[in-house]
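Below is one structure, written out as structure tokens; the observations come after it.
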Amino acid sequence: MSSQTGCSEWKPINKNEWRGVWVFIETFEDEVNESSLQLLSPGKIIAEKLQTKLCGVILGHNVKRFLMEPIYYGADKVIYVDDKKLASYYPDVYAETLAKLILKHKPEVLLAAGTLRGREMIPYVANILKCGITADCTDFDVDTSSRDLIMIRPPYGATLLAYIKSPERRPQISTVRPNVFKLPKRDESRNGDVVEERVEIPDPVAKLVSSEEIRTEDIPIEKADVIVSGGRGIGSPDGFKLLENLAMMLNGVVAGSRKAVDAGWIPHERQVGQTGKSVKASLYLAIGISGAAQHLFGIREAVTVVAINNDPEAPIFENSDYGIVGDYRVIVPALIEEIKNRRSIHK
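Its first residue numbered 147, the sequence shown is counted upward by one per residue in the working numbering.
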């Protein structure tokens, strides 16, 4: 990508001019990306070791309602750009805008969530600034004598840990996969500085001509090719929101067992089983479903059945092609993130 923001060639920098820890805070429609807020936890520790400030950076349009969230979760300051040109996400535009802010304020560290968006645009930023980037970090440390960030990550296919520095360049850029760090405690009594920046927003290289939302939830479960089904083990209607996210990533639909229907977590027309509907899905994910005979009757024609349950003795495992023993609240987010990562790799 050509850019007028960064340097055309590598040039030495004065590290003493670079101070502060930044976390790029993603927003989408009506919410702040929780994975971004999680990074305020290691960001705070890094900032304390460097004896500097922690800043959240927000880009977008109509983002003022989000501005205090990073402060509530531990940031000392928020810098934001609110512009109509940022209403739609274009990686080149967002990267160029963030790079301009970095060149102005000179933070020594930039952390970003390894989401689909983060994995796409943050390398653009690194390219513009002629910096390195360390992806998928699992921990950090600081060499306080040199102010170098030590970025820790497992090498591909290895059981060792790599300790990576970027001693000659600033900012030191790292991405972290979602849920590696815990979300800090939210404290609405916290105060901090909020600064609006105005920069020239470039036009995107390519523009979105049109978009159309496909409502997979309108597909009857008996005609669905991919089904994500939940049972009593989901525990609450909120748990089904997580299943909906997974179904959306798989272009599938959400269904449930009779126990889930009886609990009011999912409508009867989406019940799988002898007293519900029989399905012929190519992929059926049974999550938190023990595997009663009535339910097994409804999935007897499913091609591939994957079971996720924290009870290793659950009957569903004897009637599935693949089984995962564990807490779905940990496993499902990991599946969602892996799907995102694989899609970003093949783009």
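C-beta atoms are modelled at their ideal positions from N, C-alpha and C, and glycine is treated no differently.
Selected residue, minimal CA-CA separation from residue i, among the options
| i | options | result |
| --- | --- | --- |
| LEU392 | ALA439, LEU249 and ILE485 | ILE485 |
| LEU257 | ILE462, GLU172 and LYS195 | GLU172 |
| ILE192 | LEU396, MET297 and ASP228 | MET297 |
| VAL224 | CYS201, GLY206 and HIS207 | CYS201 |
| GLU447 | SER428, GLY398, ASN162 and PRO350 | SER428 |
| SER523 | GLU483, ASN487, HIS441 and PRO350 | The chain is shown from 147 up to 493; residue 523 falls before or after that span and cannot be answered. |
| THR290 | THR261, TYR468, GLU194 and HIS207 | GLU194 |
| HIS96 | GLU459, ASN162 and PRO461 | As displayed, the chain neither begins before 147 nor continues past 493, which places residue 96 out of reach and without an answer. |
| ALA301 | ILE279, LEU183 and TYR309 | It should be pointed out that residue 301 corresponds to Pro in this sequence rather than to Ala. Nearest C-alpha to PRO301: TYR309. |
| LEU262 | GLY220, LEU244, PHE174 and LYS328 | PHE174 |
| GLU177 | PRO350, GLU215, THR321 and LYS230 | GLU215 |
| PRO253 | LEU307, GLY220, PHE286 and LEU196 | LEU196 |
| LYS311 | THR321, VAL322, LEU295 and VAL326 | LEU295 |
| ALA409 | LEU388, GLY379 and LEU389 | GLY379 |
| ILE435 | PHE170, PRO461 and GLU415 | PRO461 |
Supposed close pair residue i, residue j - CB separation, criterion 8 Å
| i | j | result |
| --- | --- | --- |
| TYR474 | ILE412 | Incorrect: roughly 15 Å between the Cβ atoms, too far for contact. |
| GLY377 | ALA406 | 6 Å |
| LEU213 | ALA259 | Actually they do not touch by this definition, with Cβ atoms about 18 Å apart. |
| VAL418 | LEU396 | Actually they are not in contact, since the Cβ atoms of VAL418 and LEU396 sit about 16 Å apart, beyond 8 Å. |
| VAL399 | GLN318 | Contact flag wrong, Cβ pair sits at about 44 Å. |
| ALA453 | PHE443 | Not quite, the Cβ-Cβ distance comes to about 16 Å (not below 8 Å), so this is no contact. |
| ILE274 | ALA233 | That belief does not hold up - the Cβ atoms of ILE274 and ALA233 are roughly 22 Å apart, past 8 Å. |
| THR243 | ILE347 | 6 Å |
| GLU368 | SER424 | 7 Å |
Through-space distance from residue j to residue i, alpha-carbon basis
| i | j | result |
| --- | --- | --- |
| ILE204 | VAL227 | 7 Å |
| TRP168 | LEU247 | 11 Å |
| LEU249 | ARG344 | 14 Å |
| ILE477 | TRP164 | 39 Å |
| ARG211 | GLY469 | 43 Å |
| ASP238 | SER292 | 32 Å |
| ASN160 | PRO313 | 11 Å |
| GLU459 | VAL451 | 17 Å |
| LYS276 | TYR218 | 33 Å |
| CYS370 | LYS426 | Residue identity differs from the one stated: residue 370 is Ala in this sequence, not Cys. Each residue's alpha carbon lies about 8 Å from the other. |
| PRO198 | MET394 | First, the amino acid is wrong: residue 198 is Thr here, not Pro. The alpha-carbon atoms of THR198 and MET394 are separated by roughly 41 Å. |
| GLY166 | SER382 | 42 Å |
| LEU329 | LEU306 | 26 Å |
| CYS283 | PRO188 | 11 Å |
| ASP339 | LYS331 | 19 Å |
| VAL351 | TYR235 | 12 Å |
| VAL322 | ILE279 | 11 Å |
| LEU431 | LEU389 | 10 Å |
Burial state of residue i, where buried means 16 or more other Cβ atoms lie within 10 Å
| i | result |
| --- | --- |
| ALA241 | buried |
| PRO324 | buried |
| VAL374 | buried |
| ASP333 | exposed |
| VAL271 | buried |
| ARG316 | buried |
| SER335 | exposed |
| ASN455 | buried |
| ARG265 | buried |
| THR421 | exposed |
| ALA488 | According to the sequence displayed, residue 488 carries Arg and not Ala. Result: exposed. |
| ASP125 | No answer is possible for residue 125: it lies beyond the span of the chain, which begins at 147 and ends at 493. |
| ASP222 | buried |
| GLU180 | exposed |
| GLU483 | buried |
| GLY220 | buried |
| GLY385 | buried |
| LEU481 | buried |
| GLY472 | exposed |
Contact test: residue i Cβ vs the ligand GTP heavy atom, cutoff 7 Å
| i | result |
| --- | --- |
| ALA281 | For the structure depicted, the ligand GTP is absent and the ligand set is empty, with no information on it obtainable. |
C-beta neighbour in chain B for residue i, strict 8 Å
| i | result |
| --- | --- |
| LEU247 | Reference to chain B is not applicable here, since this structure consists of a single protein chain. |
Next item on the list: Entirely within the region 372-402 and at least 4 residues each: give me those alpha helix (DSSP H) ranges in chain order.
Entry: 383-395
Checklist line | Continuous alpha helix (DSSP H) assignments of at least 4 residues falling wholly in the region 257-291 | finding: 262-275
Notebook entry, point to check: What are the uninterrupted segments assigned as beta strand (DSSP E) that are 3 or more residues long and contained completely in the region 461-489, given in chain order?
Noted result: 468-471
Checklist line | Complete runs of the beta strand (DSSP E) confined to the region 220-255 [at least 3 residues] | finding: 223-228
Item checked: Segments assigned alpha helix (DSSP H), at least 4 residues, entirely inside the region 164-210 -> 180-184 and 186-196
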